[in-house]
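**Student:** Encoded as structure tokens, here's the structure I'll be asking about.
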Amino acid sequence: MMQRRYRSILDLKINESAKALAFSDAELACKLTSMGVLPGAVVELVRLSPFGHAYYIKVDGIRFALRQEEASSILLEI
Amino acid sequence: MMDVDARILKIALIGNPNSGKSTVFNQLTGLRQKTGNFPGITVDLKEGSMRFSDGREAMLIDFPGTYSLYPTSSDEKLVSTVLANPADKFFPDAIVYVADVTNLEKHLLLLTQLLDLGMPIMMALNMSDTAASMGIKINASKIAEALDIPVVLVSGRRGDNISKLKQDIEKLAKNTDFKPRRPVYKMSALEKQVTEAVCLNLNVENPYRALQLAHHHKWFPFLHPNEKAVLATIVQTKDFQSLRAQVDETLDRFDRFTPIVQDTIQKPPTFPNTPTDRIDAVLTHKFAGPLIFFAVMMLVFQAIFDWSVYPMDWIESGFSGLSEMLQNNLPAHWTTELLTDGIIAGLSGIMIFVPQIALLFLLITILEEVGYMARVVFLFDKTMRRFGMNGRSVVALIGGSACAVPAIMSSRTIGNWNERLITVMVTPFISCSARIPVYLVLIGLAVPKVKVFGFLGAQSLVFAAMYALGVVAALLSGWAMKRWLHTRERSFLAIELPVYRMPFWKNVWLTVWEKVSAFAIGAGKVILLVSIALWALARFGPGDAIATARAEASIKADSMQLGPVGTEDFIKQSELEASWAGQMGKTIEPAIRPLGYDWKIGIALLTSFAAREVFTGTLAVLYNMGSAEGDINDRSENEAKTTLREKMKRETFLDTGQPVYSLATALSLLVFFALAMQCMSTLAVVRRETGGWKWPAFQFVFMTGLAYLYAWLVYVAFSSPLPPS
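Listed in order, the protein sequences are those of chains L and Y.
For the first sequence, our numbering begins at 50 and goes up steadily by one.
For the second sequence, our numbering begins at 17 and goes up steadily by one.
Structure follows, in structure tokens:
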């Protein structure tokens with residue numbers, strides 16, 4: 050249905066950024082919004098952890114580390 | 017009615033992680049602080065005292081850093097719990113909110129939640145120095161006006177405006193006619209219905225506090241079961257979706273305060289490649305990152321072993337000098353023995369660890385202060401999850417190499433209960449500094465001083481192997497526990513990677529001071545008591561057993577023609593055998609004989625269950641009790657140690673005449689000490705963190721059983737088959 054209207058951090062290339070639109074998971078949304086990762090913010094993928102699975106991102110200039118599952122819950126503008 | 021002024025005012029320091037809250041706390045209180053150990057609360061809060069201009073003291077409470085009143089870890093849950101319960105003994109009279117002014121747009125969420133709780137509050141805008149250097153312009157009075165609270169621009173690191181902050185805190189705390197202001201957040205129609213019902217049924221005045229009760233009724237520990245039932249019914253009948261409401265509220269709050277920040281703070285355009293980005297390109301690099309981490313760890317351990325030798329030697333020789341002086345100047349009486357062999361020996365056993373613990377915490381605190389630990393969490397999250405833990409567990413495991421007690425407490429930042437539990441359970445496997453002296457004595461005894469491959473000392477290799485054994489045991493146990501404990505609870509990584517900063521040395525010193533004094537006083541009490549008890553058990557025996565043993569031994573010694581020193585030794589040995597300690601050792605000998613231990617090791621093992629480091633002290637007491645005093649005291653420290661080793665080497669089993677300290681026995685003991693749970697302080701802290709005796713009991717049985725099994729295997733593997741008799 051609406052599947053292709055979003056992508057996630059997993060789809061970003063290193064150093065690519067995109068605008069966050071929404072979250073796909075309520076619990077993660079609660080955690081991430083309280084840390085300041087908000088819809089409308091620009092999310093940049095900086096690098097992956099040594100074994101993949103963890104994502105180093107920048108949101109409005111602030112750095113975060115997220116797990117794959119957490120990173121995939123942020124829905125980004127295509 | 018009690019005079020309000022006579023009461024001690026409680027002031028809470030609250031803020032997000034990385035807001036520099038601890039720096040402000042340390043500036044306000046200095047050394048007048050302690051980590052409270054509060055029964056009934058599973059989290060330690062730091063409290064400090066602050067003196068007002070009229071001489072009155074106020075208590076400043078440093079709460080753990082948190083982003084929101086909607087928590088995901090037990091650290092964060094504490095803040096919500098205390099603030100939702102006016103009957104809590106830490107419920108503050110006023111709040112000082114600390115925010116990082118360089119990131120204010122992210123730091124106001126929690127402030128607006130606190131505002132809605134209707135408590136007296138003010139804000140310290142921290143890091144004014146960094147803001148100035150970044151060219152950020154701040155209109156503090158406009159922020160104060162917009163939020164309708166007192167605001168002070170401070171620099172915790174440079175101490176700027178701290179005295180102004182103190183004055184404002186005093187004014188805030190003493191203001192008796194405080195009127196709650198209009199709430200920041202406008203509740204939805206559903207939230208209004210829910211809070212009205214809660215206010216009515218539970219007699220709550222503040223609507224936002226009522227909303228908190230509705231959100232958190234399942235886990236708030238202070239709620240009565242009846243209250244929980246009432247709240248559950250309200251939430252159910254109104255179909256109140258907690259998570260959904262939390263997100264909506266958070267977004268609404270951001271919408272309300274973001275314009276205020278944009279209005280009052282001017283930031284120059286940011287440059288893409290800051291120093292933090294350049295450092296992280298290396299430190300969090302796919303390949304270089306882990307390599308650098310292991311290099312850093314090697315450096316840390318190198319520092320601990322090489323550098324702390326000198327102060328340890330000074331402390332040791334200082335205490336033995338004191339002991340010698342007392343022996344020479346006090347009358348020969350059992351009270352003198354109690355002083356020198358019991359109390360001073362015990363004190364020296366505690367103080368000897370202080371350099372290592374201080375150095376280890378110094379280095380770990382520096383790594384934490386500069387912001388490196390958050391990167392370690394990022395690097396190893398996936399690896400640790402394989403073993404049932406979390407990236408944050410690495411911090412606890414590293415701390416475990418100093419002392420498991422504070423390391424276990426640092427696991428509170430882990431939100432998932434199972435991951436936290438596994439971290440708590442396996443951290444004591446990591447070789448702590450208390451095991452070092454045991455390793456040193458046993459390795460010196462069993463492993464020859466030869467070089468492997470021409471440059472690596474065999475002794476250092478075995479030493480490193482003991483550490484590796486601890487790490488492997490911790491990881492494999494974690495892996496096994498993960499299989500066993502199934503959970504559906506969510507686990508989070510989501511962590512902020514702070515900007516790299518130079519360590520703020522006042523924070524570093526205060527942390528090291530706090531950890532060291534906690535060890536010296538907390539663990540020290542136990543060690544001292546054990547040494548005194550041990551001395552008494554070895555000095556006295558049932559009835560006149562000792563006198564009888566002495567009489568018999570002196571007759572035997574005459575017939576054996578041992579000479580004066582030998583006779584004295586033999587008599588003391590026999591007395592020791594007859595003492596209470598000797599009896600106890602003999603009783604447990606059958607149980608430990610399969611591992612290759614005799615009754616003397618048995619006594620040492622029993623005493624080391626109070627604290628590992630007691631082991632070498634016990635052996636020293638047991639083997640030294642026989643020697644003529646001048647024999648040891650005339651020699652240098654190293655020679656005295658050699659004497660202990662020589663004596664241990666000469667020991668034989670009473671029945672078979674085989675030497676006690678064969679390679680097999682020494683290796684078996686090493687393995688036992690690496691794996692066994694022998695620390696009362698650790699068990700006590702595990703009980704506190706897990707809320708009962710179940711987990712510490714399991715940990716004790718599991719670790720000690722594992723230690724027994726592997727020690728036995730090692731003994732069997734290394735002992736040569738007995739010659740036919």
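Every residue gets a Cβ at the ideal spot worked out from N, C-alpha and C, and that includes glycine.
Being a predicted model, the structure only gives us computed values, none of them experimental.
1. CA-CA distance, Y:Ile331 and Y:Phe303?
2. Would you mind giving the Cβ-Cβ distance between Y:Ile111 and Y:Met75, rounded to the nearest angstrom? I have them listed as a contact below 8 angstroms.
3. Mapping the DSSP letters down to three states, classify L:Val86 as helix, strand or coil.
4. Contact criterion: CB-CB distance below 9 angstroms. Does Y:Gly52 meet it with respect to chain L?
5. Report yes or no: do the stretch 86-94 of chain Y and the stretch 157-168 of chain Y share at least 3 C-beta pairs separated by less than 8 angstroms?
6. Measuring only between beta-carbons, confirm whether Y:Ile648 sits less than 9 angstroms from chain L.
7. Note down, in chain order, every chain L residue with its Cβ under 8 angstroms from the Cβ of Y:Arg428.
8. Is the beta carbon of Y:Ile137 sitting closer than 9 angstroms to the one on Y:Leu127?
9. Can you give me the Cβ contacts of Y:Gly646 inside the same chain, cut-off strictly under 8 angstroms, excluding the 5 residues immediately before and after it?
10. Please work out which residues of its chain come closer than 8 angstroms, Cβ to Cβ, to Y:Ile543, disregarding the five sequence neighbours upstream and downstream, and give them in chain order.
11. For Y:Met314, count the other beta carbons within 10 Å of its own beta carbon; 16 or more makes it buried, fewer makes it exposed. Which is it?
12. Within a Cβ cutoff of 6 angstroms, which residues of the same chain sit near L:Ala71, ignoring the five residues on either side of it in sequence?
13. Within its chain, find whatever has a CB closer than 6 angstroms to the CB of Y:Gln694; leave out the 5 residues flanking it on each side and keep chain order.
14. On the CB-based measure, 16 or more other CB atoms within 10 Å of its CB, does Y:Pro444 come out buried or exposed?
15. Which first and last residues belong to the alpha helix (DSSP H) in which Y:Ile24 is found?
16. With DSSP collapsed to three states, give me the class of Y:Asp296.
17. I believe Y:Leu742 touches Y:Ala319 by the beta-carbon criterion, under 8 angstroms. Please report the beta-carbon distance rounded to the nearest angstrom.
18. Within its chain, find whatever has a CB closer than 6 angstroms to the CB of Y:Pro33; leave out the 5 residues flanking it on each side and keep chain order.
19. Please list, in chain order, all residues of the same chain as Y:Arg67 whose beta carbon is under 6 angstroms from its beta carbon, the five residues on each side excluded.
20. Are the stretch 401-414 of chain Y and the stretch 514-530 of chain Y in contact at 8 angstroms, needing three or more beta carbon pairs?
21. Would you kindly work out how many angstroms separate the C-alpha atoms of Y:Glu667 and Y:Tyr613, rounded to a whole number?
22. Taking the C-alpha atoms as reference points, what is the distance between Y:Val117 and Y:Thr280?
23. Using CA atoms only, rank isn't needed, just tell me which of L:Ile127, L:Val95, L:Ala114, L:Ser121 is closest to Y:Val393.
24. Please state if the CB of Y:Lys398 and the CB of L:Ala103 are separated by a distance shorter than 9 angstroms.
25. Using only alpha-carbon positions, find the residue among Y:Trp529, Y:Gln278, Y:Phe718, Y:Leu545 that is nearest to Y:Ile152.
26. Look at the Cβ atom of Y:Glu591, then the Cβ atom of Y:Ala620, and state whether they are nearer than 9 angstroms.
27. Please report the distance separating the alpha-carbon of Y:Thr720 from that of Y:Ala690.
28. Can you list, in chain order, the residues of the stretch 83-94 of chain Y whose Cβ is nearer than 8 angstroms to any Cβ on chain L?
29. How would you write the range of the beta strand (DSSP E) that L:Val92 sits in, first residue to last?
30. Does Y:Val546 pass the burial test, meaning 16 or more other C-beta atoms within 10 Å, or should it be called exposed?
31. Using a C-beta cutoff of 9 angstroms, does L:Arg54 count as contacting chain Y?
32. By DSSP, does Y:Leu592 sit in helix, in strand, or in coil?
33. Is there a C-beta anywhere in chain L that falls below 9 angstroms from the one on Y:Lys202?
34. To the nearest angstrom, how far is it from the Cα of Y:His123 to the Cα of Y:Leu267?
35. Closer than 8 angstroms by C-beta to Y:Thr45: which residues in its own chain qualify, once you throw out the five before and the five after it? Chain order, please.
36. If the cut is a Cβ gap below 7 angstroms, which residues of chain Y does L:Leu115 touch?
**Tutor:** For this structure:
1. On the second sequence, residue 331 of chain Y is found 315 positions in, with the first residue counted as 1. On the second sequence, residue 303 of chain Y is found 287 positions in, with the first residue counted as 1. Distance between the alpha carbons of Y:Ile331 and Y:Phe303: 42 angstroms.
2. Position 95 of the second sequence, counted from the start, is the residue given in the question as residue 111 of chain Y. Position 59 of the second sequence, counted from the start, is the residue given in the question as residue 75 of chain Y. In fact, because the Cβ distance is near 13 angstroms, the residues do not count as touching under 8 angstroms.
3. The residue you call residue 86 of chain L lines up with position 37 of the first sequence. Collapsing the DSSP output to three states places L:Val86 in coil.
4. As a position in the second sequence, residue 52 of chain Y is number 36, starting the count at 1. In this prediction, Y:Gly52 has a pLDDT of 47, which is less than 50 and means its spatial position is unreliable; nothing more can be read from the coordinates.
5. The stretch 86-94 of chain Y is not in contact with the stretch 157-168 of chain Y.
6. Here residue 648 of chain Y is taken as the residue at index 632 of the second sequence, counted from 1. Because Y:Ile648 sits at a pLDDT of 36, beneath the cut-off of 50, its placement in the model cannot be relied upon, and the following sentence gives the value as read from the coordinates. Using a Cβ-Cβ cut-off of 9 angstroms, Y:Ile648 does not count as an interface residue toward chain L, since no Cβ of chain L sits closer than that to its own.
7. Residue mapping note: residue 428 of chain Y aligns to position 412 of the second sequence, counting from 1. None at all; the shortest Cβ gap to chain L is about 17 angstroms.
8. Translated into the one-based positions of the second sequence, residue 137 of chain Y becomes position 121. Translated into the one-based positions of the second sequence, residue 127 of chain Y becomes position 111. Contact flag set, yes.
9. Locating residue 646 of chain Y in the second sequence gives position 630, counting from the first residue. The predicted position of Y:Gly646 is uncertain, since its pLDDT is 34 and thus under 50; a value taken from the coordinates is nonetheless stated next. Excluding residues within five positions, none has a Cβ falling inside 8 angstroms.
10. As a working mapping, residue 543 of chain Y is identified with position 527 in the second sequence. Excluding sequence neighbours, Y:Ile543 sits near Gly362, Gly365, Ile366, Ala626, Ala627, Glu629, Val630.
11. Walking along the second sequence from the start, residue 314 of chain Y turns up at place 298. An exposed status is given to Y:Met314, since fewer than 16 other beta-carbon atoms sit within 10 Å of its beta-carbon.
12. For the purposes of this step, residue 71 of chain L is identified with residue 22 of the first sequence, where counting begins at 1. If we look at L:Ala71 and ignore the five residues flanking it on each side, its Cβ neighbours are Pro88, Leu124.
13. Residue numbering aside, residue 694 of chain Y sits at position 678 when the second sequence is read from its first letter. Within the same chain, Y:Gln694 has close Cβ partners Ser624, Phe625, Arg628.
14. Sequence index remark: in the second sequence, residue 444 of chain Y carries index 428 (1-based). Y:Pro444 is buried by the Cβ-count criterion.
15. Start at 1 with the first residue of the second sequence, and residue 24 of chain Y comes out as number 8. Run containing Y:Ile24: none; DSSP gives neither H nor E here.
16. Residue numbering aside, residue 296 of chain Y sits at position 280 when the second sequence is read from its first letter. If DSSP states are grouped into helix, strand and coil, Y:Asp296 belongs with the helices.
17. Outside the modelled stretch of chain Y, which goes from 17 to 741, sits residue 742 of chain Y, for which no answer is possible.
18. Sequence index remark: in the second sequence, residue 33 of chain Y carries index 17 (1-based). Residues of the same chain with a CB within less than 6 angstroms of the CB of Y:Pro33, apart from the 5 flanking positions on each side, are Gly81 in chain order.
19. Taking the second sequence and counting its residues from 1, the one referred to as residue 67 of chain Y is at position 51. Only Glu73 meet the Cβ criterion.
20. When Cβ pairs closer than 8 angstroms are counted between the two stretches, the stretch 401-414 of chain Y is seen not to touch the stretch 514-530 of chain Y, the count staying below three.
21. Looking up residue 667 of chain Y in the second sequence gives position 651. Looking up residue 613 of chain Y in the second sequence gives position 597. Y:Glu667 and Y:Tyr613 have their C-alpha atoms spaced approximately 11 angstroms apart.
22. The residue given as residue 117 of chain Y occupies position 101 in the second sequence. The residue given as residue 280 of chain Y occupies position 264 in the second sequence. Their Cα atoms are separated by approximately 11 angstroms.
23. Start at 1 with the first residue of the second sequence, and residue 393 of chain Y comes out as number 377. Considering only alpha carbons, the answer is L:Ala114.
24. Translated into the one-based positions of the first sequence, residue 103 of chain L becomes position 54. Translated into the one-based positions of the second sequence, residue 398 of chain Y becomes position 382. The Cβ atoms of L:Ala103 and Y:Lys398 lie closer than 9 angstroms to each other.
25. Position 136 of the second sequence, counted from the start, is the residue given in the question as residue 152 of chain Y. The shortest C-alpha to C-alpha distance from Y:Ile152 to any of Y:Trp529, Y:Gln278, Y:Phe718, Y:Leu545 is the one to Y:Gln278.
26. By 1-based counting over the second sequence, the position of residue 591 of chain Y is 575. By 1-based counting over the second sequence, the position of residue 620 of chain Y is 604. No, they are not a contact pair.
27. Taking the first residue of the second sequence as position 1, residue 720 of chain Y is located at position 704. Taking the first residue of the second sequence as position 1, residue 690 of chain Y is located at position 674. Answer to the nearest angstrom: the Cα atoms are 10 angstroms apart.
28. Per Cβ criterion, the list reads Tyr83, Ser84, Tyr86, Thr88.
29. The sequence position of residue 92 of chain L within the first sequence is 43, counting from 1. Membership of L:Val92 in the beta strand (DSSP E) is indicated by the continuous run 91-97.
30. Working through the second sequence from its first residue, we reach residue 546 of chain Y at position 530. Looking at its Cβ environment, which holds 16 or more other Cβ atoms inside 10 Å, Y:Val546 is buried.
31. Locating residue 54 of chain L in the first sequence gives position 5, counting from the first residue. Not an interface residue.
32. For this step, residue 592 of chain Y is matched to residue 576 along the second sequence. Judged by DSSP in its simplified three-state form, Y:Leu592 adopts helix.
33. Position 186 of the second sequence, counting from 1, holds the residue named residue 202 of chain Y. The C-beta of Y:Lys202 comes no closer than 9 angstroms to any C-beta of chain L.
34. Within the second sequence, the letter at position 107 stands for residue 123 of chain Y. Within the second sequence, the letter at position 251 stands for residue 267 of chain Y. When rounded, the distance between both Cα atoms is 14 angstroms.
35. Counted from its first residue, the second sequence places residue 45 of chain Y at position 29. Closer than 8 angstroms at the Cβ level, and outside the excluded window around Y:Thr45, lie Gly64, Ser65, Met66, Leu76.
36. In the first sequence, residue 115 of chain L corresponds to position 66, counting from 1. Correct list: Leu509, Ala510.
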